[in-house]
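Below is one structure, written out as structure tokens, with a few remarks after it.
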Amino acid sequence: VQVLAFNRDGTLLAVGAGDATLYLWDARTLTVDPTRPLPLVYKLQGHVDVIQGLAFSSDGLLLASASKDRTVKVWDTHTGECCHSLQAPGPYAGMNITGVTGITEAQKATLRALGALDTWGDT
154 VQVLAFNRDG TLLAVGAGDA TLYLWDARTL TVDPTRPLPL VYKLQGHVDV
204 IQGLAFSSDG LLLASASKDR TVKVWDTHTG ECCHSLQAPG PYAGMNITGV
254 TGITEAQKAT LRALGALDTW GDT
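Per the numbering used here, residue 154 is the first one in the sequence shown, and the count goes up by one each step.
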């Protein structure tokens, strides 16, 4: 567990995990009984790195999650769908380096994540 948040009326519990997964539980039915499974409402996936922040809208209909992957995602708590995704620009966004050779796929992925590598031009 990296971060957690309750909605305003305490009926929903959101938990952000280190594996980039977000869990939404019905807090009204949580129990400390280790023999009963937790009542999972949704397992939300879409981030690719650790979730670092969570916040519910005042009416509890939306949940915002912030990740180390430089994204903020807004989730519909009734459907579990991601309804908005915001991406912070990488420190080298817009450089669009092309024709990269002699580096590993992992190194290319790092350059892509920083915004320095043109996704279509890397061969």
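From the three backbone atoms N, C-alpha and C, an ideal C-beta is built for every residue, glycine too.
Every value quoted in this text rests on a predicted model; they were computed, and no experiment measured them.
Which term fits Lys226, buried or exposed, when burial requires 16 or more other beta carbons within 10 angstroms of its beta carbon? Sequence index remark: in the sequence shown, residue 226 carries index 73 (1-based). The residue is buried, with at least 16 neighbouring Cβ atoms inside 10 Å.
Measure the beta-carbon distance from Leu165 to Gly206 and round it to whole angstroms, keeping in mind my assumption that it falls under 8 Å. Looking up residue 165 in the sequence shown gives position 12. Looking up residue 206 in the sequence shown gives position 53. That belief does not hold up - the Cβ atoms of Leu165 and Gly206 are roughly 16 Å apart, past 8 Å.
CA nearest to the CA of Ala158, picked from Lys221, Leu215, Gly199, Ala266: Here residue 158 refers to the residue found at position 5 when the sequence shown is read from its first residue. If we check each option's Cα against that of Ala158, Leu215 comes out closest.
Among Leu197, Arg161, Ala170, Ser210, whose alpha-carbon lies nearest the alpha-carbon of Ile204? Residue numbering aside, residue 204 sits at position 51 when the sequence shown is read from its first letter. With distances taken between Cα atoms, Ile204 lies closest to Ala170.
Label Asp172 either buried or exposed according to how many other C-beta atoms from any shown protein chain fall within 10 Å of its C-beta, with 16 as the threshold for buried. As a first step, residue 172 is located in the sequence shown; it is residue number 19 there, counting from the start. So Asp172 ends up on the exposed side.
Taking the DSSP output, what are the residues bridged to His237? By 1-based counting over the sequence shown, the position of residue 237 is 84. The partner list for His237 (beta bridge, DSSP) reads Val227.
Boundaries (first-last residue) of the alpha helix (DSSP H) holding Thr263: Reading the sequence shown from its first residue, position 110 is the one you call residue 263. Run containing Thr263: 258–267, per the alpha helix (DSSP H) assignment.
Exposed or buried, what is Ser127 when buried is set at 16 or more other beta-carbons lying within 10 Å of its beta-carbon? Past the boundaries of the shown model lies residue 127; the chain is included only from 154 to 276, so the question cannot be answered.
Which same chain residues end up closer than 6 Å to Cys235 when comparing Cβ atoms and leaving out the 5 residues on each side of it in sequence? Mapped onto the sequence shown, residue 235 falls at position 82. Closer than 6 Å at Cβ, skipping near neighbours: Gly199, Lys226, Trp228.
Looking at Leu175: is its Cβ nearer than 8 Å to the Cβ of Ser218? Counting from one through the sequence shown, the residue named residue 175 turns up at place 22. Counting from one through the sequence shown, the residue named residue 218 turns up at place 65. Yes, the pair counts as a contact, with Cβ atoms nearer than the cut-off.
My understanding is that Glu192 touches Thr182, with C-beta atoms under 8 Å, so please give their C-beta distance in whole angstroms. If you number the sequence shown from 1, residue 192 lands on position 39. If you number the sequence shown from 1, residue 182 lands on position 29. Position check: residue 192 holds Pro in this sequence, whereas Glu was assumed. Contact holds; Cβ gap of about 5 Å.
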